[in-house]
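Number of protein chains: 2
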Amino acid sequence: MAPIAKLNDVVDVVTLKKSIGTNSNIQESGERVRLAARSGTYTKQTSGAAPTYVQANLIVLPSRYADDFRLLCRRNPVPCPLLAESEGIGKWNQLKSWIEGLTGDEMAKNVDLRHDFPKYMVYQDGVLTKSHCLNVEAEWTEDHVAFLIGCSYSFESALVAAGLVPAHMVHGRNVPMYRTSIPLAPAGAFRYSTYVVSMRPYRRKDIDRVRDITRPYVATHGEPIDWGWDAVTRLGIKDICRPEYGETPVTADGSPFAGSLGTGDEEIVPVFWGCGVTPQEAVRRAGLKGTVIGHAPGYMLVLDARDWNIILKS
Amino acid sequence: MAPIAKLNDVVDVVTLKKSIGTNSNIQESGERVRLAARSGTYTKQTSGAAPTYVQANLIVLPSRYADDFRLLCRRNPVPCPLLAESEGIGKWNQLKSWIEGLTGDEMAKNVDLRHDFPKYMVYQDGVLTKSHCLNVEAEWTEDHVAFLIGCSYSFESALVAAGLVPAHMVHGRNVPMYRTSIPLAPAGAFRYSTYVVSMRPYRRKDIDRVRDITRPYVATHGEPIDWGWDAVTRLGIKDICRPEYGETPVTADGSPFAGSLGTGDEEIVPVFWGCGVTPQEAVRRAGLKGTVIGHAPGYMLVLDARDWNIILKS
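For the record, the sequence lines run as chains A and B. The first sequence begins at 197 in the working numbering and counts up one residue at a time. The second sequence begins at 197 in the working numbering and counts up one residue at a time.
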């Protein structure tokens, strides 16, 4: 097989930066969104907020589970890309970065992990006890450790900049996400978990470009893990029309995406990526004791780091 | 589920270091084995050579495949743990380390990657053209990049030190290795590869200790990926009695290990780890053009780094 182009050749940072200019939210920064969420004035979903600022998923655990969770991410970096964590046990105002060449302060300096997500979910001994609350100041203890996990918004911006707009974005829908039978490598308390994947339909002839564009985003799931209709079987997905999370899939023209469309290179096929819901499922399946906190789906933390700060340099 | 003990608690480095004292090869060092291989006087397998010195698998690729292979390892660190690579394209005498806190020179200073493995295999356009040759000076070009991959000898030493001697070692056999249906996350030219796993039988009651002891060896496959008889089905292993690599499995008393033995906590069950044959299979399946070089199975590079230099600090 022919080698793939060098990573530097395929990520056009200039194009990525220019694409901001077309967006009306140009004035927004990660810090502004965080401060607005902290004061309770920003309570929306963060999709499209402060374009090109990296967004992150949240998982907060009692410290006794922190080593195992960090190892789970390390062993399964495609579905569980760890961006940063609390700088120490109980720390909600300082980050330790897991991205090479980026400090915790560069990731997000003025940060309050208890307030800066627009909405949170709280679990006690595995049972949801608070849904979509505005902060977790009452729940956060000196024993908690927060983990920030990469999200696909970063590579979706790159796909948009390349003219390969994901179909769900065209129609303002949530991306469809599926449970699979592909096991995670276990880590301590975290066992018997499987990949959750997100799906975006593309024409066969575009798949090489889609792979090339998303490949450098190793901190936010990277290139697809599989594609094509036979991938549905390989991944153990039960029904492409009934995703376990998100909304049902549509094509670019808005029609339901339920089976083969077009032929040859023009055929539209499903393309699957590792998904940040994976670590949340892993945490739920581990049956942890105590208070566990997550963000409400779609209500992310917006960082100071930019999309081009976290892509892989070759 | 209860949390797992902190990593520091379970790896007893003192015991590990003391266990060297019982070995007659105490005088051997990694460098001595390399120099002997370089001069052509050491031509044996390296199992048991220079105990506690880390050993490594080899994959040498034309430089155009290097980015994709490095990414394959990064996305699949459990079966493909990358220890080090050539310090630059064409470099055979200097390493770049991928282990945090360890420089390339600390990994192996006086090194000649063309001579220091006791035996090599050479492939041209995917076809084996030389088997078990003593050096690859004629094949190495200024365009080659060498990758060193972790091997399970490191965690096997730790299991031995804890009195949990793998059954195949008791009987001087090679570990059984199996092809599975668990996919690797693809990376550029490397697609449609699956995990290869090694198997060691253990009693159910010992599995938690076996997991704890091997967990910190993240640079050499870490803790098991699955265990128990139902894992055989989950992993898509065709026949436990017919491994694709290595020798057929035996129990500690030397009898064939073909099915359930004992009951309850005393039942002996198969325990599976990620295996360094995985990247070799991935390279073969990718159908690469040009000259690819590997070590002959069992004939590893012995490094200057020690087992306790590469374990994860919590």
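All C-beta atoms, glycine included, are put in the ideal place defined by N, C-alpha and C.
Give the interface partners of B/Gly460 over in chain A, defined as CB-CB distance under 9 Å, in chain order.
In chain order: nothing, as chain A lies at least about 20 Å away.
Against chain A, does B/Arg400 count as a neighbour if the rule is that its beta carbon must be under 8 Å from one of theirs?
It does not; no Cβ of chain A falls within 8 Å.
Where do the ends of the alpha helix (DSSP H) carrying A/His364 lie?
Where A/His364 is concerned, the enclosing alpha helix (DSSP H) stretches over 363–366.
When DSSP builds the beta bridges, which residues end up paired with A/Pro452?
DSSP, once it has assigned bridges, lists A/Val446 as partnering A/Pro452.
Is B/Met496 helix, strand or coil when you go by DSSP?
Three-state result, B/Met496: coil.
Using only the alpha-carbon positions, how far apart do B/Cys471 and B/Cys269 sit?
Between B/Cys471 and B/Cys269, the alpha-carbon positions lie close to 12 Å from each other.
For A/Leu431, which option in A/Val229, A/Arg369, A/Val467, A/His328 has the closest C-alpha, if you only look at C-alpha atoms?
Distance check between A/Leu431 and each of A/Val229, A/Arg369, A/Val467, A/His328 places A/Val467 closest, using alpha-carbon atoms only.
Below 8 Å on C-beta distance, what does A/Lys378 contact in chain B?
It should be pointed out that residue 378 of chain A corresponds to Ile in this sequence rather than to Lys. Within 8 Å Cβ-Cβ: Ile378, Pro379.
Tell me whether A/Gln320 is buried or exposed, calling it buried when 16 or more other Cβ atoms sit within 10 Å of its Cβ.
A/Gln320 counts as exposed, since fewer than 16 other C-beta atoms from the protein chains shown sit within 10 angstroms of its C-beta.
Find out if the Cβ-Cβ distance for the pair B/Tyr388, B/Arg481 is shorter than 8 Å.
In contact: B/Tyr388 and B/Arg481 (Cβ atoms closer than 8 Å).
My assumption, with CB atoms under 8 Å, is that A/Ile436 sits in contact with A/Val393. Please give the rounded CB distance.
11 Å between Cβ atoms; not a contact.
How many angstroms separate the CA atom of B/Lys202 from the CA atom of A/Asp263?
Caution applies to B/Lys202, whose pLDDT of 41 falls short of 50 and renders its modelled position unreliable; the value that the coordinates give is listed next. B/Lys202 and A/Asp263 have their C-alpha atoms some 7 Å from each other.
Within 10 angstroms of its Cβ, does B/Lys315 collect 16 or more other Cβ (buried), or is it exposed?
Buried: at least 16 other Cβ atoms inside 10 Å.
Could you pull the start and end residues of the beta strand (DSSP E) that A/Phe468 belongs to?
Its beta strand (DSSP E) spans residues 464–470.
Taking C-alpha atoms, which residue in A/Ala385, A/Gly424, A/Tyr413 lies nearest to A/Ile403?
Checking every option, the nearest Cα to that of A/Ile403 belongs to A/Gly424.
Tell me which same chain residues have a C-beta within less than 6 Å of the C-beta of A/Leu267, skipping the five on either side of it?
Cβ within range, chain order: Ala383.
If the cut is a Cβ gap below 9 Å, which residues of chain B does A/Val274 touch?
Those are Arg271, Asn272, Ala381, listed as they occur along chain B.
Could you tell me whether the Cβ of A/Gly418 comes closer than 8 Å to any Cβ of chain B?
Contact with chain B is found for A/Gly418, since one of that chain's Cβ atoms lies less than 8 Å from the residue's Cβ.
Apart from the five residues just before and just after A/Ala342, which ones in its own chain have a Cβ nearer than 6 Å to its Cβ?
Within the same chain, Cβ atoms closer than 6 Å to the Cβ of A/Ala342 are found at Val256, Ser282, Leu309, the five residues on either side in sequence being excluded.
Quick check: the Cα distance between A/Lys305 and A/Leu291, rounded to an integer number of angstroms?
Taking the straight line from one Cα to the other gives about 8 Å.
Contact check, A/Arg399 vs A/Glu443, beta carbons under 8 Å
Their beta carbons are not under 8 Å apart, which means A/Arg399 does not touch A/Glu443 by this criterion.
B/Arg430 touches chain A at which residues, Cβ-Cβ below 8 Å?
Result: Pro379.
To which residues does DSSP link A/Ala280 through a beta bridge?
Bridge partners of A/Ala280: A/Ser293, A/Leu344.
Continuous alpha helix (DSSP H) assignments of at least 4 residues falling wholly in the segment 214–273 of chain A
Segments of the alpha helix (DSSP H) lying fully in the segment 214–273 of chain A: 226–234, 262–271.
B/Val414 versus chain A: which residues are under 8 Å apart at the beta carbon?
Under the 8 Å cutoff, chain A gives Leu267, Arg270, Arg271.
Taking its Cβ as the centre, do 16 or more other Cβ atoms sit within 10 Å of A/Leu324, making it buried, or is it exposed?
Flag for A/Leu324 reads exposed.
Under the three-state DSSP convention, the category B/Lys326 falls into
Secondary structure of B/Lys326 (DSSP, three-state): strand.
Would you check if the distance between the CB atom of B/Tyr506 and the CB atom of B/Ile295 is smaller than 8 Å?
According to the sequence displayed, residue 506 of chain B carries Ile and not Tyr. For B/Ile506 and B/Ile295, yes; Cβs fall inside 8 Å.
Excluding the five sequence neighbours on either side, which residues of its own chain have a C-beta within less than 6 Å of the C-beta of A/Val539, listed in chain order?
Look at the range of chain A in this structure, 197 to 510, and you will see that residue 539 of chain A is not part of it.
Looking at the strands, I want to know which residues DSSP matches up with A/Gly490.
Paired residue(s): A/Ile255, A/Met317.
Check each candidate in B/Ala280, B/Leu279, B/Ala454, B/Leu278 and name the one with the smallest Cα separation from B/Pro372.
For B/Pro372, the closest C-alpha among the options B/Ala280, B/Leu279, B/Ala454, B/Leu278 is that of B/Ala454.
Leaving out five residues before and five after A/Asp312 in sequence, what residues of the same chain have Cβ atoms less than 7 Å from its Cβ?
By the criterion of a C-beta distance shorter than 7 Å, A/Asp312 is surrounded in its chain by Arg230, Ala233, Arg234, Leu497, once the five residues flanking it on both sides are discounted.
Note down, in chain order, each residue of its chain lying with its Cβ closer than 7 Å to the Cβ of B/Ala415, except the 5 sequence neighbours on either side.
A distance below 7 Å between beta-carbons, with the five flanking residues on each side excluded, links B/Ala415 to the following residues of its chain, in chain order: Pro277, Leu279, Ile295, Gly346, Ile506.
Which term fits B/Val367, buried or exposed, when burial requires 16 or more other beta carbons within 10 angstroms of its beta carbon?
In the sequence under discussion, the amino acid at residue 367 of chain B is His, which differs from the Val named in the question. Exposed, by the Cβ-count rule.
Under DSSP, the alpha helix (DSSP H) around A/Val406 begins and ends at which residues?
Start and end: 403–410.
Using a beta-carbon distance below 8 Å, is A/Ile421 in contact with chain B?
Yes, its Cβ sits closer than 8 Å to a Cβ of chain B.
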